[in-house]
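Residues in the sequence shown are numbered from 232 upward in steps of one, following the working numbering.
C-beta: ideal position from N, C-alpha, C; glycine also.
Note that the structure is a prediction, hence the values are computed from the model and not measured.
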Amino acid sequence: MTTVSGTEGYADEAEELFRLYESIPAADAHRAVLHLIPQAPGWVLDIGSGTGRDAAWFAAQGHRVVAVEPTDAMRIPAMALHPQPQIEWLDDSLPDLTVLRRRSETFDLVMLTAVWMHLDETQRRRAMPSLAALLRPGGTLIMKIRHGPVPVGRRMFDIPAEETIELARMQDLHAVLNGRTESSQERNRLAGVIWTNLAFVRAGS
Ligand SMILES: C[S@@+](CC[C@H](N)C(=O)[O-])C[C@H]1O[C@@H](n2cnc3c(N)ncnc32)[C@H](O)[C@@H]1O
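What follows is the structure, encoded as structure tokens:
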């Protein structure tokens, strides 16, 4: 079986990552972007949804959620941990999101939390048009991108915000947020991990 690129290291550490990710309330993890999350119930796409912590949080706010997660060792236990019927789980992956794109659905909010930096430059160029096509007019794309030491066994790139903003601009996605925050995980904070928070809105309403 081939490993989806970007997922290296996750299956081996899944058990520990469930403890870690689920110990941080989603509202704390997303404090910097809370104002950009739609208040009215809508359609949310969470790509690289990991343990499903955020998918469950969105579902609790009344949203319908498609949670895309290619690592079986994350997705299968996540489905059991967060069985809300408002969440649909998909085994699919960036850059092409082949399964999802076949359905021609669009979303009010597309979230990529701690995922974009797993793609190399060629993959990022390929992925951005897919992300734009998944957004409804007026919809929001939020990306949280990690910088700093790379955990052993993971595949990660240090991505300048300007590159992502330019890729988005080419797809008519307008930047509404570009800021840096420290990590909400103590272990990462001590290791010097910081995050770029980007958000884009697709023109139209
Ligand atoms: C750092 S975890 C973040 C999980 C979750 N978004 C969170 O913030 O708790 C990154 C997740 O992205 C997934 N991932 C890695 N490469 C991916 C790709 N090419 N397409 C989609 N997801 C990917 C991994 O399997 C992993 O579950």
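Glutamate 336 in three-state terms, based on DSSP:
Here the question's residue 336 lines up with position 105 in the sequence shown. Glutamate 336 falls in the coil class under three-state DSSP.
Which one or two residues does DSSP pair with isoleucine 318 in a beta bridge?
In the sequence shown, counting from the first residue as 1, residue 318 sits at position 87. DSSP output for isoleucine 318 lists Val296 as bridge partner(s).
Helix, strand or coil: which one does DSSP assign to threonine 412?
Taking the first residue of the sequence shown as position 1, residue 412 is located at position 181. Threonine 412 falls in the strand class under three-state DSSP.
Please list, in chain order, all residues of the same chain as proline 380 whose beta carbon is under 6 Å from its beta carbon, the five residues on each side excluded.
Reading the sequence shown from its first residue, position 149 is the one you call residue 380. Closer than 6 Å at Cβ, skipping near neighbours: Ala422.
My assumption, with CB atoms under 8 Å, is that isoleucine 268 sits in contact with alanine 290. Please give the rounded CB distance.
Your numbering for residue 268 matches position 37 in the sequence shown. Your numbering for residue 290 matches position 59 in the sequence shown. The Cβ separation is near 13 Å, so there is no contact.
If we count Cβ pairs, one from each stretch, closer than 8 Å, do we get three or more for the stretch 308-316 versus the stretch 331-341?
Counting C-beta pairs closer than 8 Å gives fewer than three between the stretch 308-316 and the stretch 331-341, which falls short of the contact rule.
Excluding the 5 residues preceding and the 5 following threonine 282 in the sequence, name in chain order all residues of the same chain whose CB lies nearer than 6 Å to its CB.
The count along the sequence shown starts at 1 and reaches residue 282 at position 51. Taken in chain order, the residues that qualify are Phe249, Tyr252, Glu253 and Ala309.
Using the rule of at least 16 other Cβ atoms within 10 Å of the residue's Cβ for burial, across every protein chain shown, is alanine 358 buried or exposed?
By 1-based counting over the sequence shown, the position of residue 358 is 127. With 16 or more other Cβ atoms within 10 Å, it is buried.
Taking a contact to mean a Cβ-Cβ separation below 8 Å, would you say valine 341 touches isoleucine 278 in this structure?
Along the sequence shown, read from residue 1 onward, the residue named residue 341 stands at position 110. Along the sequence shown, read from residue 1 onward, the residue named residue 278 stands at position 47. Cβ atoms of valine 341 and isoleucine 278: closer than 8 Å.
Cβ separation of alanine 363 and leucine 404, assumed to be a contact under 8 Å, to the nearest whole Å:
The count along the sequence shown starts at 1 and reaches residue 363 at position 132. The count along the sequence shown starts at 1 and reaches residue 404 at position 173. About 6 Å separates the two Cβ atoms, so the contact holds.
Local Cβ density within 10 Å of threonine 427, reported as buried at 16 or more and exposed below that:
As a working note, residue 427 is residue 196 in the sequence shown. Answer is buried; the Cβ neighbour count reaches 16.
Taking glutamate 393 as the reference, which of Phe431, Ala286 and Val275 has the closest Cα?
If you number the sequence shown from 1, residue 393 lands on position 162. The option with the nearest alpha carbon to glutamate 393 is Phe431.
Is the beta carbon of threonine 344 within less than 7 Å of some heavy atom of ligand 1?
For the purposes of this step, residue 344 is taken as the residue at position 113 of the sequence shown. Answer for threonine 344: yes, Cβ within range of ligand 1.
Do alanine 245 and alanine 304 have their beta-carbon atoms positioned less than 8 Å apart in this structure?
As a first step, residue 304 must be located in the sequence shown, where it is residue number 73. As a first step, residue 245 must be located in the sequence shown, where it is residue number 14. A contact, by the Cβ cut-off of 8 Å.
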